[in-house]
Structure formats: C-alpha cells, structure tokens
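All remarks here apply to the structure that follows.
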C-alpha cells in the first residue's frame with residue numbers, strides 16, 4: 007500500500023481521531039467535569055473502522071464435522087463462572103430496590119391460574135412478558151422476601167448465559183483463547199452491574215438466555231441435520247419473544263451467523279431466519295392483539311415511546327452513543343479510582359495495538375458489528391443512555407456482539423504472547439470498570455432501604471398516615487425511590503403500605519391534622535418532615 011493511497015489517508019485520519027479521543031478520555035479520568043461520552047464514542051468508532059480497514063477477505067479454512075467440546079472447554083467455562091461469582095459476590099447481600107418491591111408484592115398474590123391468564127390478559131397493558139413473570143413467581147416460591155436469594159438467581163442466569171456464550175463462540179471454530187476472552191467480556195462488561203444486580207432486569211437475562219440457546223441449537227442443527235434441534239430452536243425463540251420484546255431481532259441475528267459458517271450452510275441459515283421471522287411476526291401480531299396496540303412506556307398524550315419515532319435520535323443512538331456505552335461502560339457519576347484509571351490506559355493501549363497489528367477476517371468482523379446493531383434495534387429509541395449508565399440493562403444482548411468482535415480479533419494470526427498481553431489489558435479494564443459500577447449498586451440500595459425504614463419508624467410512632475414527595479428516580483445512576491416505595495417501607499419495617507401516599511406535582515394541600523408530610527432532601531440524603539406550609 008502506498009503512503010499516499012486513499013486507504014492510508016483514511017487510516018491516518020482515524021488514528022489521529024483515536025489519539026485525540028483517547029487523550030480527552032485520559033484527561034477526564036484524572037480530572038475534569040465534562041461529559042466523556044463524545045470522546046468515548048469517537049474513540050470506539052475509530053477503533054472499529056481501523057480494525058475493519060486492516061481486515062482481510064481471505065477464505066477461511068473449511069469447517070469439518072461437528073464442534074465437540076472437551077474437558078478443557080469445561081474447565082474454561084468453570085473459570086468464567088468463578089470470575090463471575092468473585093466479581094459479584096459483594097452485591098449478593100445488597101437490598102432490593104425500586105420496582106423489585108412491586109414485583110415481589112405482585113408475586114405474593116400470584117397464582118398459577120393468574121399466571122396462565124397473563125398469556126392472554128396482562129395485568130397492565132404496557133408489556134407482554136408472561137414467561138418473565140412466571141420466572142418471577144418460581145423465584146418467589148423459594149426466595150420469598152430474601153434479597154440474597156433473588157440476587158443469587160440473577161447471578162446464576164448470568165453465569166449460565168456466559169457459559170453458553172463460550173459454547174457459541176466455540177461452535178464458530180474459534181480457538182479456546184479467543185472464545186474464552188470473548189465470553190469473559192460478555193461476563194464482566196461493566197453494564198452487567200445493572201442487569202445482574204437489579205432483579206427487575208430479569209427479563210433481559212432470561213430473554214438473552216433463550217436467544218443464545220436458540221442460536222446454539224441452530225448451529226448444532228447445521229452440524230448434525232437433526233430436525234428436532236431446529237424445532238427446539240423455534241421453541242426457544244417463542245419463549246424469548248414472550249419474555250421481552252427486544253428479542254424480535256432474533257431472525258436478524260441468525261443472518262449475522264452466515265459468515266461464521268461454511269458456504270454450504272448459507273441457504274439453511276436463510277431458511278431458518280425466514281422460519282423464525284414467521285414465528286416473530288405471529289408473536290408480534292398476538293402481542294398486538296393482547297395489548298390492543300404497541301404497548302410499551304407511554305409519553306405525552308399516552309402515546310407509546312416507540313410511536314414517537316425520530317430518525318436522527320435513533321441514528322445517534324445506534325451509530326454513535328451505543329459504541330461508547332459498549333466499549334467504555336463507566337458510571338461517571340462517581341469519579342474513577344486508581345484501578346479504573348489504570349484500566350482505561352490498558353484498554354486504550356489494547357485498542358491501539360489491535361489497530362496496528364490486527365488481521366481479522368472481514369466478513370466475520372462485519373457480521374459481528376451487524377450483530378451489535380441488529381440486537382440493539384428493538385431498543386434503539388431508549389439507547390441515549392447518559393454518563394451515569396442508568397438504563398444499561400438494555401445493553402445486555404448487544405454485548406454479545408461485542409464479545410463476537412473481540413473473539414474475531416483474538417482468533418487472528420498474532421502470537422500467543424501478544425494475545426495473552428492484549429487479553430490481560432482488555433480484561434483488566436472490564437474487571438476494573440465492573441467493580442467501579444458495582445460500588446454504586448452496593449451503596450445506593452442500602453441508602454434506599456434506610457430511607458424506607460425511616461418512614462416506617464415514623465409510621466410506627468404516629469398513627470397518622472404519611473405523604474411523601476420529591477422521590478428521586480435515580481441516584482448515582484442506580485434506580486432509587488420513585489417506584490415501589492410503599493412496598494419498600496412495608497417489607498423493611500412491617501408497616502402497612504396503605505398508610506403511605508406518594509404525591510406527584512402539582513402538589514395538593516395537606517391537612518396536617520389528618521396526615522404528616524415528608525419530602526426527600528438531596529443534600530442530607532434523608533427525609534425531612536415539612537412542618538409549615540406546603
């Protein structure tokens with residue numbers, strides 16, 4: 007390649023952009039109050055473009071026979087599970103928070119008859135997720151009101167998903183090291199803090215379990231030609247779309263697998279995608295009938311969020327902000343410590359090194375990027391997540407695409423020593439960023455529980471009911487008090503939730519002889535009783 011060729015000039019421009027973005031991110035991690043999201047986005051996009059420019063289109067070695075896993079693969083999966091348990095162990099005793107309380111309260115009154123009815127008549131005409139609520143009910147039967155058991159269930163599902171991610175990567179004939187690194191990125195990526203620690207995110211964990219298992223069964227079907235495996239994949243697809251609507255992207259994900267399999271399987275993968283598309287269309291039509299429309303969160307004039315389509319907003323989310331969140335999932339509401347700062351240096355160095363030495367297969371790399379975009383499409387209208395990473399559970403499935411990208415890169419021709427060094431830098435950042443984000447998921451739920459307990463104490467010493475105002479939706483990127491507050495008070499203090507009234511603006515007048523008025527004070531991080539005028 008000549009120095010003055012268009013490709014080399016493009017590479018130079020994006021290397022400069024990567025360098026400037028990395029410098030801005032480094033400055034923000036040390037000191038500064040500006041939002042790092044734009045710098046992170048430019049850095050991540052520059053990285054993806056540069057590794058694409060260095061990719062090749064040479065034919066891959068023909069795959070022969072089914073991929074058989076050995077005892078060494080089992081050891082790698084066990085290592086991944088151990089890393090997950092060690093990373094999340096400190097959050098297992100964290101209290102429940104936000105919508106967790108409302109779901110548990112709902113499950114105390116749930117019956118099998120009611121759960122079966124939820125497949126035709128949902129309790130709230132917002133979402134259609136009956137399989138997810140069955141999972142909640144089963145958990146409630148053994149976990150009850152014990153936060154430890156609820157967190158343990160979520161952690162177990164996440165560990166299972168991470169193990170399945172490793173199996174999927176190995177089915178693509180990736181080396182153990184490449185598959186292991188990809189699966190560890192899936193397991194330890196810092197957006198997992200919200201998805202694993204917040205019980206309400208069970209829908210994301212469970213739906214992703216069904217999606218990955220569906221893809222694994224499809225791959226196995228291609229290798230063995232056993233029709234029952236394909237029928238099972240259809241079953242898991244159905245369970246996925248009845249768990250969370252984000253999984254309607256599954257047929258697109260199947261198409262993204264084409265470059266990872268031999269040409270002889272291309273037509274069968276297309277046929278499988280068509281069949282699963284028919285299942286998804288039927289599922290969407292049934293969902294529409296049950297919900298009497300789109301469903302989803304309402305905005306102005308009670309219109310669903312999805313109905314307010316904005317092309318520029320969607321484009322910014324999918325092709326700009328998303329990549330910052332996937333490659334630098336840092337909760338910036340709390341300043342990073344020294345370990346995370348080292349991790350940021352390590353990940354930037356790793357990305358820069360791959361921009362210089364990578365030689366990935368182009369079709370596989372493009373397919374992995376397409377996997378990210380396809381899996382993010384159903385939630386694209388919600389992906390303009392801020393620097394505090396609130397809402398990052400929505401990234402749970404798209405991170406599987408990032409795991410694919412890293413797997414493709416580590417499956418390249420670099421030396422083992424280089425791969426180990428780069429893998430260490432990559433995983434150091436993932437672990438450091440995860441621990442940073444988990445810090446808030448350990449402290450904020452405790453603060454919320456203490457707030458609920460304080461109101462319970464007031465209810466116990468005074469027979470008057472209470473009215474509470476100014477309940478924050480989030481604190482340091484963690485969902486906080488705005489939802490499930492009466493149930494939180496009842497569960498943590500034993501007081502009647504019916505004695506608590508939540509006021510929204512505009513606030514009505516309060517008769518102090520009838521009830522007491524409390525307002526959340528951000529400065530003291532506690533409730534203050536309002537004694538004077540409203």
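Residue numbers (the working numbering): 7 to 540. We put the beta carbon where it would ideally sit given N, CA and C, even for glycine.
Whole-angstrom distance between residue j and residue i, CA atom to CA atom
i, j, result
"residue 339", "residue 328", "18 Å"
"residue 288", "residue 248", "12 Å"
"residue 419", "residue 360", "12 Å"
"residue 179", "residue 118", "43 Å"
"residue 537", "residue 510", "19 Å"
"residue 357", "residue 258", "28 Å"
"residue 496", "residue 145", "20 Å"
"residue 21", "residue 363", "13 Å"
"residue 19", "residue 387", "31 Å"
"residue 122", "residue 445", "39 Å"
"residue 440", "residue 470", "44 Å"
"residue 306", "residue 300", "Residue confidence for residue 306 is low, a pLDDT of 47 falling below 50, so the modelled location carries little weight; the figure read from the coordinates is stated next. Roughly 15 Å between the two C-alpha positions."
"residue 154", "residue 13", "54 Å"
"residue 376", "residue 382", "10 Å"
"residue 373", "residue 263", "7 Å"
"residue 390", "residue 46", "14 Å"
"residue 59", "residue 11", "13 Å"
"residue 451", "residue 398", "17 Å"
"residue 354", "residue 36", "15 Å"
"residue 5", "residue 139", "With the chain running from 7 to 540 in the structure shown, residue 5 is simply not present."
"residue 455", "residue 448", "12 Å"
"residue 392", "residue 326", "13 Å"
"residue 417", "residue 186", "11 Å"
"residue 15", "residue 89", "42 Å"
"residue 472", "residue 533", "12 Å"
First through last residue of the beta strand (DSSP E) which encompasses residue i
i, result
"residue 527", "522-527"
"residue 533", "532-535"
"residue 399", "Careful: residue 399 lies outside any beta strand (DSSP E) and carries neither H nor E."
Delimiting residues of the alpha helix (DSSP H) encompassing residue i
i, result
"residue 507", "Here residue 507 belongs to no alpha helix (DSSP H); instead the beta strand (DSSP E) covers 506-508."
"residue 293", "272-297"
"residue 76", "Taken as a continuous stretch (DSSP letters only), residue 76 belongs to no alpha helix (DSSP H), as it is neither H nor E."
"residue 212", "208-230"
"residue 37", "It is not in any alpha helix (DSSP H) - residue 37 carries neither H nor E in the DSSP assignment."
"residue 499", "491-499"
"residue 262", "256-262"
"residue 411", "404-416"
"residue 357", "344-363"
"residue 141", "136-149"
"residue 301", "Per DSSP, residue 301 belongs to no alpha helix (DSSP H) and is neither H nor E."
"residue 202", "198-203"
"residue 334", "It is not in any alpha helix (DSSP H) - residue 334 carries neither H nor E in the DSSP assignment."
Local conformation of residue i per DSSP, three classes
i, result
"residue 250", "coil"
"residue 481", "strand"
"residue 368", "helix"
"residue 267", "coil"
"residue 464", "helix"
"residue 319", "helix"
"residue 473", "strand"
"residue 441", "helix"
"residue 157", "helix"
"residue 109", "helix"
"residue 164", "helix"
"residue 387", "helix"
"residue 306", "Per-residue confidence for residue 306 stands at a pLDDT of 47, beneath the threshold of 50, marking its modelled position as unreliable; no derived number is given."
"residue 8", "The predicted model places residue 8 with a pLDDT of 49, which falls under 50 and marks its position as unreliable; any figure quoted below should be read in that light. DSSP places residue 8 in coil when its eight states are reduced to three."
Residue i versus the options, residue with shortest Cα-Cα distance
i, options, result
"residue 467", "103, 490 and 522", "522"
"residue 48", "334, 224 and 275", "334"
"residue 201", "58, 83 and 405", "405"
"residue 369", "114, 62, 275 and 402", "62"
"residue 51", "269, 332 and 197", "332"
"residue 141", "159, 344, 365 and 56", "159"
"residue 437", "343, 271 and 112", "343"
"residue 6", "337, 253, 223 and 435", "The first residue shown for the chain is 7 and the last is 540, placing residue 6 beyond what the model contains."
"residue 378", "273, 15, 260 and 150", "260"
"residue 229", "271, 156 and 330", "271"
Residue-chain proximity (residue i, chain E), Cβ-Cβ < 9 Å
i, result
"residue 108", "Of the protein chains in this structure there is only one, and it is not chain E."
Any non-hydrogen atom of the ligand HEM closer than 8 Å to residue i Cβ
i, result
"residue 79", "The ligand content of the structure shown is nil, which means the ligand HEM is not present either."
Can you find at least 3 beta carbon pairs, one from the segment 458-478 and one from the segment 424-437, that sit closer than 8 Å? In short, these stretches do not touch, since the Cβ pair count stays below three.
Taking 8 Å as the cut-off, does the segment 287-301 touch the segment 403-420 (at least 3 CB pairs, one atom from each stretch)? As far as the Cβ criterion goes, the segment 403-420 does not touch the segment 287-301, which means the pair count is below three.
Counting Cβ pairs closer than 8 Å, one from the segment 222-237 and one from the segment 190-198, do we hit at least three? No: the two stretches stay apart, fewer than three of their Cβ pairs being nearer than 8 Å.
Quick check: the segment 104-119 against the segment 165-180, are there 3 or more CB pairs under 8 Å? Taking 8 Å as the limit for Cβ pairs, the verdict is that the segment 165-180 does not touch the segment 104-119.
Meets three-Cβ-pair contact criterion under 8 Å: the segment 473-489 and the segment 82-97: The segment 473-489 vs the segment 82-97: no contact.
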